[in-house]
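For the sequence shown, our numbering begins at 46 and goes up steadily by one. Don't be surprised by glycine CBs; every beta carbon is placed ideally from N, CA and C. Values in this document were obtained by computation on a predicted structure and should not be read as measured data. The next block holds one structure in the form of structure tokens; read it before the comments.
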Amino acid sequence: MEKPLADLLRPTSLDEVFGQKHLLSKNSTFRKVIESKKVPNMIFYGPPGIGKTTVANIIAKNSNLKLYKLNGTTCSTEDIKKIIDDVSSLFNQEG
């Protein structure tokens, strides 16, 4: 299955992301937290096209974390319940 063009052209590192300098510059607190690989739970909010998905993908990939993506306009409570169940099972496996 072919990937959409947006996925093929999407930045793969924080250095490739254009804009958001206040968050992604080398000395920013946000960047330091991400690079520490001790990433807290986050919710990204904003208009389309500002890099929310791109940055989330980069963080998850570089931190070896599982990423759950929801679109608030299309997700249901059932979608949220599935994620909660999945996360609960991860915690139960880890002890």
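So, using beta-carbon positions, are residue i and residue j closer together than 8 Å?
i	j	result
Val84	Leu110	yes
Thr57	Ile103	yes
Leu112	Asp124	no
If you measure from the CB of residue i, is any heavy atom of the ligand COA nearer than 7 Å?
i	result
Gly91	Here there are no bound small molecules, and the ligand COA is not part of this structure.
Which residue's Cα is closest to the Cα of residue i: the options?
i	options	result
Lys106	Leu50, Thr119 and Lys82	Lys82
Ala51	Ser73, Asp130 and Gly96	Gly96
Thr98	Asn72, Ser73 and Leu54	Leu54
Glu80	Lys71, Asn86 and Ile88	Lys71
Gly64	Ser121, Ile129 and Gly94	Gly94
Tyr90	Pro49, Lys48 and Gly117	Gly117
Can you list, in chain order, the residues of its chain whose CB lies under 8 Å from that of residue i, leaving out five sequence neighbours each side?
i	result
Asn69	Correcting the residue identity first, residue 69 is Leu in this sequence and not Asn. Counting only Cβ-Cβ distances below 8 Å, and skipping sequence neighbours, we find Leu59, Val62, Phe75, Arg76 and Val100.
Lys128	A small correction: the amino acid at residue 128 is Ile; Lys does not occupy that position in the sequence shown. Excluding residues within five positions, the ones whose Cβ falls inside 8 Å are Tyr113 and Leu115.
Complete runs of the alpha helix (DSSP H) confined to the stretch 48–83 [at least 4 residues]: 50–54, 66–69 and 74–80
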